Each structure stands twice: as structure tokens, then as C-alpha cells.
Amino acid sequence: MESLVLGIDHVQLAAPAGCEAQARYFFGDLLGLVEIEKPEKLRARGGVWFLCGAQQLHIGVETEFAPAKKAHPAFRVKDLDKVRKALSDHGFETIEDPLPGVRRCHAFDPFGNRLKFVEGK
Numbered sequence: 417m418e419s420l421v422l423g424i425d426h427v428q429l430a431a432p433a434g435c436e437a438q439a440r441y442f443f444g445d446l447l448g449l450v451e452i453e454k455p456e457k458l459r460a461r462g463g464v465w466f467l468c469g470a471q472q473l474h475i476g477v478e479t480e481f482a483p484a485k486k487a488h489p490a491f492r493v494k495d496l497d498k499v500r501k502a503l504s505d506h507g508f509e510t511i512e513d514p515l516p517g518v519r520r521c522h523a524f525d526p527f528g529n530r531l532k533f534v535e536g537k
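So the sequence shown is numbered by our numbering: it starts at 417 and just counts up by one.
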């Protein structure tokens with residue numbers, strides 16, 4: 417059967433109201449993702465969007481916010497050591513997450529959502 421799914425357009429992480437400045441700092445300034453403009457119709461909902469490779473990362477406001485502790489996006493990175501140092505230098509702990517043949521770790525964003533970082537080309 418031919419797949420009905422072409423790929424992933426975007427991933428959304430939830431965050432509490434007023435999250436925008438922290439999201440811009442963490443995902444934009446610290447991780448280097450480029451912010452993209454939300455459609456005008458959606459701006460009143462809050463949150464912020466970023467370009468992440470060919471996909472997008474959306475940080476969306478959830479009224480009764482609870483962080484995702486298990487579910488997570490996995491970001492492919494060129495230099496895992498550099499990512500870990502950047503996070504550590506800014507007070508974010510990284511936890512080694514070994515898997516045979518794969519260098520990876522996980523951390524938590526400022527809102528408590530789990531994020532995974534996987535080294536690869």
C-alpha cells in the first residue's frame with residue numbers, strides 16, 4: 417500500500433501563557449532556530465514558531481499546561497558536544513541517553529518539555 421503521509425510538516429510543543437520570551441531565548445538564541453511569522457489569524461493565540469530544517473517547530477499556548485515528560489521531538493544536530501555545552505552553560509542539564517551506534521542525549525526546555533538531541537549528518 418502506498419503511504420498516505422508525505423512527511424512531517426511541523427511539531428508542536430505546549431507551553432504556558434506568556435511563554436514567548438522564554439521560547440525565543442531557548443529555541444532562538446540558545447539553539448539557533450530562526451523564528452518565522454505566525455499567520456495573522458493565529459497570533460492572538462500566543463506562542464511562537466520556528467524553522468527547524470525543512471520542518472517547523474511550533475510552541476503553542478495551552479491554558480491548562482502540563483509539560484510532556486515522555487513524548488518528545490528529537491532534533492538532529494551536527495555536534496552533540498557543542499549542544500550539550502551550550503545548554504549546560506545556560507543552566508540546562510543534559511542527560512546522556514546511550515543507544516548502540518548513536519550519540520544522543522535529552523534535556524528539558526524552560527517549560528519542562530522533554531527534548532532529545534541526536535548527533536548525525
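Quick reminder that beta carbons are idealized off the backbone N, C-alpha and C, glycines included. Owing to the predicted nature of the structure, the values given are computational and were not obtained by experimental measurement.
Distance CB(residue i)-CB(residue j) smaller than 9 Å
i    : j    : result
G434 : G476 : no
L449 : L503 : no
F481 : P432 : yes
A490 : V421 : no
A439 : V464 : yes
Cβ neighbour criterion (16 or more within 10 Å) applied to residue i
i    : result
L473 : buried
P516 : exposed
R492 : exposed
A487 : exposed
A430 : buried
A470 : exposed
V518 : exposed
Rounded separation between residue i and residue j - CA only
i    : j    : result
G507 : Q428 : 24 Å
A460 : R530 : 26 Å
E509 : D425 : 29 Å
D505 : G536 : 22 Å
E436 : R520 : 27 Å
R500 : A523 : 9 Å
G528 : I452 : 23 Å
T479 : L458 : 15 Å
E456 : P514 : 42 Å
F466 : M417 : 34 Å
Residue span of the beta strand (DSSP E) that contains residue i, given as start and end
i    : result
L429 : 426 to 431
A523 : 520 to 524
E451 : 450 to 452
Continuous alpha helix (DSSP H) stretch holding residue i: start and end
i    : result
V534 : No alpha helix (DSSP H) contains V534, which is instead part of the beta strand (DSSP E) from 530 to 535.
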